[in-house]
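Novice: Chains as they are written, first to last, in my numbering: chain A, 1 to 903; chain B, 904 to 1018.
Yeah, the Cβ is synthetic: ideal placement off N, Cα and C, and Gly gets one too.
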């Protein structure tokens, strides 16, 4: 019968696929039994019986393999249990490596490659940061480029209170929440719908119509107890009644969720409700305080949209005589919209590159180290392996056994890593960033990260396990069993696998140590805060009278008299106002022009920091003017909308950038809306963590303009409130006095965010400390791994060469000579490795530095530091030589008689 | 030596194989045939399953390969013979006691119903 012979052929083929050991014992019997039984099966059950026969053997195959794997696993657990030290080092080092890698993978998946929740078709959204409303209205008309455009301003603080229940006049306590002021097309452009009620609509929400608010799901749950009748309820926003028209979808927090918006109010709202709209910002082309989100038209890509927008912007700049029209280079940078964090697409490869390089180095280092230790262990297990080979175990089986062990170790490490990543993510969420508005950083690992960690574990388990497994099972049987092995006298192999691994490990550790060292020293250098006085003696207090229900005029009057009133409090030395805390991060996004005489081109600088400070600001910080004067009370009373020329104080870098070596006093400057006259110059003040508007970090020194706080600034306080700086005599507790003074002015005025300057600086530099500790840990981790690896390899090489050493000593070599011999080999490895590490570190940091404005200044500042360039290799070499010396000393204690008698 | 009770209740395949080996030593084909005959063709131990089970029974120490060969004219030189170990025999006994007990319980219940 043809069918029977076909079935038999398949059956035999399957029988031969059983695991080696099963096949050795039962393979022939299984085939025999199949052949014997097939006629009977055919006779009794026909074709169905034959299929059943095949199904039986096909199902049995995986079962047998699984059972072997289970035994391998049990065996591996026993072996690891016996060598706990090895297991601990492996789990900790891989755990650290995989933990760090998982956290960074989680960051990419949850923050960088994630669309904003509740936003439709986010890949078609782009954003421009910092433009004015009139510009936006022109952009909105570019229908060939965009399907739609919406402007928004945010995050903006709102003082919000709710009627505690329907009809009741009792209001709940006002809470400060952050939200967006949006043009009415906002929701339709980003494609966010209302789960209840409606979104804003340009047809309905027009200037003059009744005030409305759209709330997020989060606000609805946290502040309204998920009231099912929330739509239609009245809510008080900055003291003005508005009705809730809709609730957003779950997790929807605006178009840039990393800076979450909990409530949304339209740009058509009255100024009393939204002080950000004061000063006619909707009609002033110089008021560049809006972000615009665009939905690209079909077939338009971000690049061509950017080019198109550039043309429109240049045109508008000419029309409005914007000083930026002189600036060279791009005017418009579109960021991707609708993502958790808007990161310029050009910056992505670099971000990914750095993450891959660092994480790859860490995990790779842990793997190389484990491979080394596995090799060393394999030599100890040589006899076991040889015996098992000689009694018929296949090499494949043994390799699999050894691989199971390393994969198990890697998976345990991966498990530890995931735990670490969870802990770190939880810690990160508690971190308060030095910004006035909340930041939503949730990098809790999800299932994709678990998958990633598992994949990395598996890969690294195979990665560091395979080569040692192959190497240790390659031994010629006879020579190993005889143990008189000629291989014992092979001595030093210059390009042996182990030496290669070792040298590369030394190289990689040094590279890691140097790169992390550059970053640490660089970050510290460029983010140091120097104060001329004890920062504990200055308190910072935030006030936001407009949102406490003050009119713009009343707020201006309050701030006019406030410093004098507060100086009456006991112990107070100096009082000054500022729109942001001193030494806080600045966003350097202004374009400023220094017009020159006819015939010569104007001096234009972009990425200029701008800070509005009140009278006596520098005196309060004990910063002396290098030239000219600082602002006084008269400057604070200026109406910036009516004046043509505003006084300005420059820092040294700005003065140099605009006027070279000329005297800056009396010179003119222009920015988008105003003209300035330079009245003074101060030294550069630290502003750690500052960045440009595209999010790129910048170093500590950048041109900064100090402009006076004016009446217009008091009309709407910034996100963090107006900052009152109170400098007190050392040791005096002035806060109670200040509280009483403020309460005596107006008991309804809320003081918030009260802290000392010292706390403020700590908060600002906290992230730098975290980064420093993080990189420091990575660097020292590499160092420790390298030392463990070197010690292991040296010990191994000595164990292998016991006989050789014994002969040498029997022939009269002294202990010192033997020690030198061993140390020389270790030393060669360290030197070769260090050389490559050095080259690698400098190459990598040059490359990263050139590509990145984040790391550029840090590398530039760090890589010239002699402490590092000399110190790091010395530290590594010292540790490495110590790691060689400890086991090498043992070699000198080899008793030649014992070593030779083992023959 | 593990206690026989640890193996109870026996898996069906295990029970059938042990039962087949309760008499003479058997080879794989013999076990398969006997089980077929005993169950009227209803239970067939398919080859791969049979040998997989034999392997586990040996690992558990319930059966072992038999060195004895039957009479020359009956002997099939290609085949391996298996027999119960002492533990295997005790496990089989324990299982049959367990089954008897179940049968007895059933009978008592039936008897009560009949009353």
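Hey, could you find the ends of the alpha helix (DSSP H) residue 913(B) is sitting in?
Specialist: If you number the second chain from 1, residue 913(B) lands on position 10. That residue, residue 913(B), is in no alpha helix (DSSP H); it is neither H nor E in DSSP.
Novice: So, with DSSP's three-state summary, where would you put residue 224(A)?
Specialist: Position 224 of the first chain holds residue 224(A). It is helical.
Novice: Please confirm if residue 488(A) has its CB atom under 7 Å from at least one CB of chain B.
Specialist: Your numbering for residue 488(A) matches position 488 in the first chain. A caution first: residue 488(A) carries a pLDDT of 41, below 50, which makes its placement in the model unreliable, though a value can still be read off. Residue 488(A) does not count as touching chain B.
Novice: Could you name the residues of chain A that residue 935(B) contacts, counting a contact when the two beta carbons are closer than 8 Å?
Specialist: Within the second chain, numbered from 1, the residue matching residue 935(B) stands at position 32. Ordered by position in chain A, the residues that pass the 8 Å Cβ test against residue 935(B) are 33 and 37.
Novice: Which residues in chain A sit within 7 Å of residue 983(B), going by Cβ to Cβ distance?
Specialist: Stepping through the second chain from its first residue, residue 983(B) is reached at position 80. Correct list: 29.
Novice: Only counting the same chain, and skipping five residues up and downstream in sequence, which positions put a Cβ closer than 7 Å to that of residue 513(A)?
Specialist: Within the first chain, residue 513(A) is the residue found at index 513, counting from 1. Excluding residues within five positions, the ones whose Cβ falls inside 7 Å are 779, 782, 783, 872 and 876.
Novice: Would you identify the three-state DSSP class for residue 193(A), choosing helix, strand or coil?
Specialist: Reading the first chain from its first residue, position 193 is the one you call residue 193(A). Residue 193(A): coil per DSSP, three-state reduction.
Novice: For the region 256 to 265 of chain A against the region 216 to 231 of chain A, are there 3 or more C-beta pairs whose distance is under 8 Å?
Specialist: Short answer: they touch.
Novice: Going by the beta-carbon positions, is the gap between residue 413(A) and residue 94(A) smaller than 7 Å?
Specialist: The sequence position of residue 413(A) within the first chain is 413, counting from 1. The sequence position of residue 94(A) within the first chain is 94, counting from 1. Yes.
Novice: Can you tell me the Cβ-Cβ gap for residue 111(A) and residue 443(A), rounded? I've got them flagged as a contact below 8 Å.
Specialist: Here residue 111(A) corresponds to residue number 111 of the first chain, with the count starting at 1. Here residue 443(A) corresponds to residue number 443 of the first chain, with the count starting at 1. At roughly 6 Å, the Cβ-Cβ gap stays under 8 Å, so residue 111(A) and residue 443(A) are in contact.
Novice: Would you call the region 826 to 840 of chain A and the region 736 to 754 of chain A in contact, with 3 or more CB pairs under 8 Å?
Specialist: Short answer: they don't touch.
Novice: Strictly by DSSP, which residues pair up with residue 570(A)?
Specialist: Sequence index remark: in the first chain, residue 570(A) carries index 570 (1-based). None; residue 570(A) has no bridge partner.
Novice: On a Cα-Cα basis, can you pick out the residue from 928(B), 982(B), 922(B) and 927(B) that is closest to residue 26(A)?
Specialist: As a first step, residue 26(A) is located in the first chain; it is residue number 26 there, counting from the start. Per the Cα distances, 982(B).
Novice: Do you know whose CA, among 469(A), 38(A), 721(A) and 179(A), lies nearest residue 439(A)'s CA?
Specialist: Translated into the one-based positions of the first chain, residue 439(A) becomes position 439. Selected option, being the one with the closest Cα: 179(A).
Novice: Give the C-beta separation of residue 268(A) and residue 207(A) to the nearest angstrom, bearing in mind that I take them to be a contact with Cβ-Cβ under 8 Å.
Specialist: If you number the first chain from 1, residue 268(A) lands on position 268. If you number the first chain from 1, residue 207(A) lands on position 207. Correct: roughly 5 Å between the Cβ atoms.
Novice: From this set, 581(A), 543(A) and 797(A), which residue's C-alpha is nearest residue 372(A)'s C-alpha?
Specialist: In the first chain, residue 372(A) corresponds to position 372, counting from 1. Per the Cα distances, 797(A).
Novice: Identify, in the order they occur along the chain, each residue of the same chain with its Cβ nearer than 7 Å to the Cβ of residue 454(A), setting aside the five sequence neighbours on each side.
Specialist: Position 454 of the first chain, counting from 1, holds the residue named residue 454(A). Excluding residues within five positions, the ones whose Cβ falls inside 7 Å are 414.
Novice: Per DSSP, what are the beta-bridge partners of residue 725(A) in this structure?
Specialist: For this step, residue 725(A) is matched to residue 725 along the first chain. For residue 725(A), which the question treats as bridged, DSSP gives the partners 540(A) and 576(A).
Novice: Could you tell me whether the Cβ of residue 217(A) comes closer than 7 Å to any Cβ of chain B?
Specialist: The residue given as residue 217(A) occupies position 217 in the first chain. Cβ-Cβ to chain B under 7 Å: no for residue 217(A).
Novice: Can you pull the chain A neighbours of residue 949(B), defined as C-beta to C-beta under 8 Å?
Specialist: Locating residue 949(B) in the second chain gives position 46, counting from the first residue. 52, 53, 56 and 57, listed in chain order.
Novice: Closest to residue 727(A) by CA distance: which of 747(A), 811(A) and 540(A) is it?
Specialist: The residue labelled residue 727(A) in the question sits at position 727 within the first chain. That would be 540(A), whose Cα lies nearest to the Cα of residue 727(A).
Novice: Just the C-alpha distance for residue 255(A) and residue 315(A), rounded to the nearest angstrom, thanks.
Specialist: Walking along the first chain from the start, residue 255(A) turns up at place 255. Walking along the first chain from the start, residue 315(A) turns up at place 315. Their backbone Cα atoms lie some 28 Å apart in a straight line.
Novice: Which word fits residue 24(A), buried or exposed, when buried means at least 16 other C-beta atoms lie within 10 angstroms of its C-beta?
Specialist: Counting from one through the first chain, the residue named residue 24(A) turns up at place 24. Looking at its Cβ environment, which holds fewer than 16 other Cβ atoms inside 10 Å, residue 24(A) is exposed.
Novice: For a test of the three-state rule: what should DSSP assign to residue 319(A), helix, strand or coil?
Specialist: Taking the first residue of the first chain as 1, we reach residue 319(A) at position 319. Reduced to three states, the DSSP call for residue 319(A) is helix.
Novice: Please confirm if residue 26(A) has its CB atom under 7 Å from at least one CB of chain B.
Specialist: What you label residue 26(A) is simply residue 26 of the first chain in a count that begins at 1. Judged by the 7 Å Cβ criterion, residue 26(A) is in contact with chain B.
Novice: Which term fits residue 429(A), buried or exposed, when burial requires 16 or more other beta carbons within 10 angstroms of its beta carbon?
Specialist: Position 429 of the first chain, counted from the first residue, corresponds to residue 429(A). With fewer than 16 other Cβ atoms within 10 Å, it is exposed.
Novice: Return the Cβ separation of residue 291(A) and residue 151(A) in integer angstroms, given the expectation that the two are a contact with Cβ distance under 8 Å.
Specialist: For the purposes of this step, residue 291(A) is taken as the residue at position 291 of the first chain. For the purposes of this step, residue 151(A) is taken as the residue at position 151 of the first chain. Confirmed, Cβ separation roughly 7 Å.
Novice: How far does the beta strand (DSSP E) with residue 656(A) in it reach, from first residue to last?
Specialist: Position 656 of the first chain, counting from 1, holds the residue named residue 656(A). No beta strand (DSSP E) contains residue 656(A), which is instead part of the alpha helix (DSSP H) from 652 to 659.
Novice: Given that residue 952(B) touches chain A, what residues does it touch there, using C-beta distances under 7 Å?
Specialist: For the purposes of this step, residue 952(B) is taken as residue 49 along the second chain, with counting starting at 1. Going along chain A in sequence order, the residues near residue 952(B) (Cβ under 7 Å) are 56 and 60.
Novice: Among residues of its own chain, excluding the 5 on either side of residue 224(A), which ones have a beta-carbon nearer than 6 Å to its beta-carbon?
Specialist: As a working mapping, residue 224(A) is identified with position 224 in the first chain. Cβ neighbours of residue 224(A) beyond the five flanking positions: 230.
Novice: Please return the same chain residues whose Cβ sits closer than 6 Å to the Cβ of residue 92(A), not counting the five positions on each side in sequence.
Specialist: Against the first chain, residue 92(A) aligns to sequence position 92. Closer than 6 Å at the Cβ level, and outside the excluded window around residue 92(A), lies no residue.
Novice: Who are residue 680(A)'s beta bridge partners in DSSP?
Specialist: Working through the first chain from its first residue, we reach residue 680(A) at position 680. 628(A) and 649(A), per the DSSP bridge assignment.
Novice: Tell me the DSSP bridge mates of residue 115(A)?
Specialist: Taking the first residue of the first chain as 1, we reach residue 115(A) at position 115. 339(A), per the DSSP bridge assignment.
Novice: Out of 1005(B), 998(B), 1004(B) and 1014(B), which has the shortest C-alpha to C-alpha gap to residue 913(B)?
Specialist: As a position in the second chain, residue 913(B) is number 10, starting the count at 1. Residue 998(B) is the option with its Cα nearest to residue 913(B).
Novice: Only counting the same chain, and skipping five residues up and downstream in sequence, which positions put a Cβ closer than 7 Å to that of residue 918(B)?
Specialist: The residue labelled residue 918(B) in the question sits at position 15 within the second chain. Answer for residue 918(B): 998, listed in chain order.
Novice: Quick check on DSSP: helix, strand or coil for residue 607(A)?
Specialist: Position 607 of the first chain, counted from the first residue, corresponds to residue 607(A). The answer is strand: DSSP assigns residue 607(A) an E or B state.
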